[in-house]
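S.K.: The structure under discussion is supplied below as structure tokens; questions concerning it will follow.
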Amino acid sequence: MRRPSMSFVKPKSILSTILLVCCMAIRLCLCSSSVVSSLKALHVQGQFSFDGNEFAATDFGNQFHFLPSAVLHPKKVSDIAATIKHVWQMGPASGLTVAARGHGHSLQGQAQAPQGIVINMESLSGQEMQVHRGKFPYVDVPAGELWINILHECLKYGLAPKSWTDYLHLTVGGTLSNAGISGQAFRHGPQISNVHQLEVVTGKGEVVVCSEEKNADLFHAVLGGLGQFGIITRARISLEPAPKMVKWIRVLYSDFSTFARDQEHLISAENTFDYIEGLVIVNKTGLINNWRASFNPEDPEQASQFVSDGRTLFCLELTKNFNPDEATKINKEIKSLLSQLSYIPSTLFVTEVSYVEFLDRVHAAELKLRSKGLWELPHPWLNLLVPRSKIHSFAEGVFGSILTDTNNGPVLVYPVNKSKWDNRTSFVTPEEDIFYLVAFLPHAVPSSTENNGLQHLLSINKRILNFCEAAHLGVKQYLPYYTTQEEWRSHYGPRWEVLVQRKSAYDPLAILAPGQRIFQKAISVL
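Throughout the sequence shown, residue numbering follows mature numbering (1 follows the signal peptide of the UniProt record, and there is no 0), covering -31 to -1, 1 to 495 in sequence.
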């Protein structure tokens, strides 16, 4: 199969580099007016906006800002197909690219299209969601729909999706283009392992319905494919009976080995909790007082004496789903499960909340941060997948050493079972049966010269990555960010050739998802 025409240009000299950049800039300027004219003439049921598109030049990461030439607000999938087909027919000379934007929760400009076209996928969210009951229930949803809305719709039928992200105000297409991981992944796998069927618009403007039985290669390519092979426009999501209530539990550890051992025991046990995540707590002031607002300690007197200043602690967060008539039974199960663990007894915190309240817990924190002006800040997040055999080396080298505190954002660490992941998708994991998600999720305070400024946090991320590389830990990035194709090639390893073949088949002009910086659309020089 021929190679796609989007490999990076390698000029032979500084002069040729300057010439190339100048030619590209001239061509973009010349094409800008013609692009706008051609899009205005394109028949769509939605609309294009050419001004006031600053929202499409920003994202949650708030570090990259690239303004598009136009934003498409589609009413139907045919609008997306017509737009991409139009760009496809213009050929590589235009340099025009297309990016799908959901709720704008990308971190490094991945959903932006510099001088290109951004498709506002939330314009499709008003389309009907269809819940199908039966032995294997599912819901058909538009890709621009938020998971929180899908939850509420499915609950009308006593059902809910099996696998979640920690934050539900994200679009279906956005999370399925990555993976969608939370504390249920050890049991159900990520969200991309719980999809029956997709509708996709390829880089040629073709609308294709795909599943494991039909157009299987495209189906697996798009799941975890970072938007490189097609834009997901509709998805069929697997459902299960939904509980009404949740027992929400937190316990603390002072020793990482014990903490990791208990987590691995729980994700491997047949009878276990429904959600398992861990957090790292480094020199975090007022820990217990902060938790007391929503959690009731089993031993208030001992817990009040427990402080974290200057210490590295590890929190195990667990839930058990139940319905009100099962309360007594669930309490016995929880007591039995907790008796198998080696946490610090005085730090057992338990509360009882509704299923919706637990799943939407991050949104409650968002509202508090927004009220303080602490939400729309730079978020230099770093998400890593660490092989189980290397997690202790990672913890020793990073927690409490490179990482000196966690006061500006949580740090998650929890294991998942690789057996629940489909290796046919585009997503890359470490080559071990169990690996850990380690997520550093800080926010940067603007104009800060202290330990919460953007450059300081970026330098910590760099130190962590350098440590992983020097120690040969075999770490993979989740929500990956690289600046060169060679780095991407290394990320995908032996699967790189499959990625290139899929790109050639479904987006040969490299029109889609330019913000990922994996492939570059070829631009002819004057």
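Cβ atoms here follow ideal geometry from the backbone N, Cα and C, with glycine treated the same way. Since we're looking at a predicted model, the values are computed, not measured.
1. Per DSSP, which one or two residues make a beta bridge with Cys179?
2. Which same chain residues, not among the five before or five after His42, have their C-beta less than 7 Å away from its C-beta?
3. In this structure, how does DSSP classify Ser38 when only helix, strand and coil are distinguished?
4. How long is the line joining the alpha carbons of Asn430 and Ser132, rounded to whole angstroms?
5. Are the CB atoms of Leu478 and Gly172 nearer to each other than 8 Å?
6. Under DSSP, the beta strand (DSSP E) around Asn240 begins and ends at which residues?
7. Return the CA-CA distance between Tyr475 and Val469, expressed in angstroms with no decimal places.
8. Please list the terminal residues of the continuous beta strand (DSSP E) segment that includes residue 497.
9. Starting from the C-beta of Thr398, find all residues in its chain whose C-beta is less than 7 Å away, skip the five residues before and the five after it, and write them out in chain order.
10. Starting from Leu351, trace the beta strand (DSSP E) both ways and give me its first and last residue.
11. Only counting runs of 4 or more residues, tell me where the alpha helix (DSSP H) segments fall wholly within the stretch 47 to 126, in order along the chain.
12. Tell me which residues share the same chain as Phe188 and place their Cβ nearer than 7 Å to its Cβ, disregarding the 5 neighbours each side in the sequence.
13. Kindly indicate which three-state DSSP category Gly21 falls into: helix, strand or coil?
14. What residue range is occupied by the uninterrupted beta strand (DSSP E) comprising Ile403?
15. Is the distance from the Cβ of Leu285 to the Cβ of Gly247 below 8 Å?
16. Pick helix, strand or coil for Glu345, following the three-state DSSP scheme.
17. Would you give the residue range spanned by the beta strand (DSSP E) that Ile200 belongs to?
18. Start and end of the alpha helix (DSSP H) containing Thr144?
19. So, helix, strand or coil for Val467, using DSSP?
20. How would you call Arg205, buried or exposed, if buried means at least 16 neighbouring beta carbons within 10 angstroms?
21. Can you list, in chain order, the residues of its chain whose CB lies under 7 Å from that of Gly369, leaving out five sequence neighbours each side?
22. Tell me the residue span of the beta strand (DSSP E) that contains Tyr222.
23. Closest to Ile218 by C-alpha separation, out of Ile299, Asp109, Glu23 and Leu338, would be which residue?
24. Put Gly462 into one of helix, strand or coil per three-state DSSP.
25. Check whether the Cβ atoms of Gly194 and Ser146 lie closer than 8 Å to each other.
26. Shortest alpha-carbon distance to Ile53 belongs to which of Ala82, Thr66, Ala62 and Ala39?
27. Along the alpha helix (DSSP H) that carries Tyr324, what are the first and last residues, could you check?
28. Is it right to say Leu208 is buried, meaning 16 or more other beta carbons lie within 10 angstroms of its own, or is it exposed?
29. Would Pro347 and Gln32 qualify as a contact pair, given that the criterion is a beta-carbon distance under 8 Å?
30. Could you say which of Pro111, Val100 and Ala112 lies nearest to Tyr126 if we only look at CA atoms?
31. Let me confirm a value: Phe291 is counted as buried when at least 16 other C-beta atoms fall within 10 Å, else exposed. Which label applies?
32. Count Cβ pairs between the stretch 133 to 145 and the stretch 110 to 117 that sit closer than 8 Å; are there 3 or more?
33. Whole angstroms are fine: how far does the CA of Phe35 sit from the CA of Pro415?
34. Enumerate in chain order the residues of its own chain whose CB-to-CB distance from Asp329 is below 7 Å, with the five nearest sequence positions on each side excluded.
35. Should Arg70 be labelled buried (16 or more other beta-carbon atoms within 10 Å of its own) or exposed?
36. Hey, how far is the Cα of Pro486 from the Cα of Val407?
M.R.: Judging by the given coordinates:
1. As a working mapping, residue 179 is identified with position 210 in the sequence shown. Cys179 pairs with Leu167.
2. The residue labelled residue 42 in the question sits at position 73 within the sequence shown. Within the same chain, His42 has close Cβ partners Gly15, Gln16, Ser18, Asn89 and Ser92.
3. Here residue 38 refers to the residue found at position 69 of the sequence shown. Of the three classes helix, strand and coil, the one that applies to Ser38 here is coil, per DSSP.
4. Indexing the sequence shown from 1 puts residue 430 at position 461. Indexing the sequence shown from 1 puts residue 132 at position 163. Rounded to the nearest angstrom, the two C-alpha atoms are 28 Å apart.
5. Along the sequence shown, read from residue 1 onward, the residue named residue 478 stands at position 509. Along the sequence shown, read from residue 1 onward, the residue named residue 172 stands at position 203. Yes, the pair counts as a contact, with Cβ atoms nearer than the cut-off.
6. Locating residue 240 in the sequence shown gives position 271, counting from the first residue. Neither: Asn240 is in no beta strand (DSSP E) and is coded neither H nor E.
7. Against the sequence shown, residue 475 aligns to sequence position 506. Against the sequence shown, residue 469 aligns to sequence position 500. C-alpha separation (whole angstroms): 10 Å.
8. As shown, the chain starts at -31 and ends at 495. That puts residue 497 outside it, with no answer to give.
9. Looking up residue 398 in the sequence shown gives position 429. Once the five neighbours on either side are set aside, the close Cβ partners of Thr398 are Leu354, Lys387, Trp390, Phe404 and Lys445.
10. Taking the sequence shown and counting its residues from 1, the one referred to as residue 351 is at position 382. Segment Leu351 to Pro356, the beta strand (DSSP E) holding Leu351.
11. 116 to 124
12. Start at 1 with the first residue of the sequence shown, and residue 188 comes out as number 219. So the qualifying residues of the chain are Leu167, Cys179, Ser180 and Glu181.
13. As a working mapping, residue 21 is identified with position 52 in the sequence shown. If DSSP states are grouped into helix, strand and coil, Gly21 belongs with coil.
14. As a position in the sequence shown, residue 403 is number 434, starting the count at 1. Note, Ile403: beta strand (DSSP E), Ile403 to Phe409.
15. Numbered from 1 along the sequence shown, position 316 holds the residue referred to as residue 285. Numbered from 1 along the sequence shown, position 278 holds the residue referred to as residue 247. Yes; because the gap between Cβ atoms is below 8 Å, this pair is in contact.
16. Within the sequence shown, numbered from 1, the residue matching residue 345 stands at position 376. Coil.
17. The residue labelled residue 200 in the question sits at position 231 within the sequence shown. Gly199 to Pro210 is the extent of the beta strand (DSSP E) around Ile200.
18. On the sequence shown, residue 144 is found 175 positions in, with the first residue counted as 1. From DSSP, the alpha helix (DSSP H) with Thr144 extends over Val141 to Leu145.
19. Taking the sequence shown and counting its residues from 1, the one referred to as residue 467 is at position 498. Correct three-state label for Val467: helix.
20. The count along the sequence shown starts at 1 and reaches residue 205 at position 236. Burial call: buried.
21. If you number the sequence shown from 1, residue 369 lands on position 400. Around Gly369: Val251 and Thr281.
22. For the purposes of this step, residue 222 is taken as the residue at position 253 of the sequence shown. Where Tyr222 is concerned, the enclosing beta strand (DSSP E) stretches over Met214 to Tyr222.
23. Within the sequence shown, numbered from 1, the residue matching residue 218 stands at position 249. Ranking Ile299, Asp109, Glu23 and Leu338 by Cα distance to Ile218 puts Ile299 first.
24. As a position in the sequence shown, residue 462 is number 493, starting the count at 1. Helix, per DSSP.
25. Against the sequence shown, residue 194 aligns to sequence position 225. Against the sequence shown, residue 146 aligns to sequence position 177. Closer than 8 Å, so yes.
26. For this step, residue 53 is matched to residue 84 along the sequence shown. Closest by alpha carbon: Thr66.
27. Here residue 324 corresponds to residue number 355 of the sequence shown, with the count starting at 1. Tyr324 to Leu328 is the span of the alpha helix (DSSP H), which, as asked, contains Tyr324.
28. Position 239 of the sequence shown, counting from 1, holds the residue named residue 208. It is buried - the Cβ of Leu208 has at least 16 other Cβ atoms within 10 Å.
29. Locating residue 347 in the sequence shown gives position 378, counting from the first residue. Locating residue 32 in the sequence shown gives position 63, counting from the first residue. Closer than 8 Å, so yes.
30. By 1-based counting over the sequence shown, the position of residue 126 is 157. Of Pro111, Val100 and Ala112, the residue nearest in Cα terms is Val100.
31. Within the sequence shown, numbered from 1, the residue matching residue 291 stands at position 322. Label assigned to Phe291: buried.
32. yes
33. In the sequence shown, counting from the first residue as 1, residue 415 sits at position 446. In the sequence shown, counting from the first residue as 1, residue 35 sits at position 66. Answer to the nearest angstrom: the Cα atoms are 20 Å apart.
34. Position 360 of the sequence shown holds residue 329. Within the same chain, Asp329 has close Cβ partners Ile117 and Leu137.
35. Numbered from 1 along the sequence shown, position 101 holds the residue referred to as residue 70. Its Cβ being crowded by 16 or more others within 10 Å, Arg70 is buried.
36. Within the sequence shown, residue 486 is the residue found at index 517, counting from 1. Within the sequence shown, residue 407 is the residue found at index 438, counting from 1. Correcting the residue type first, residue 486 is Arg in the shown sequence and not Pro. When rounded, the distance between both Cα atoms is 23 Å.
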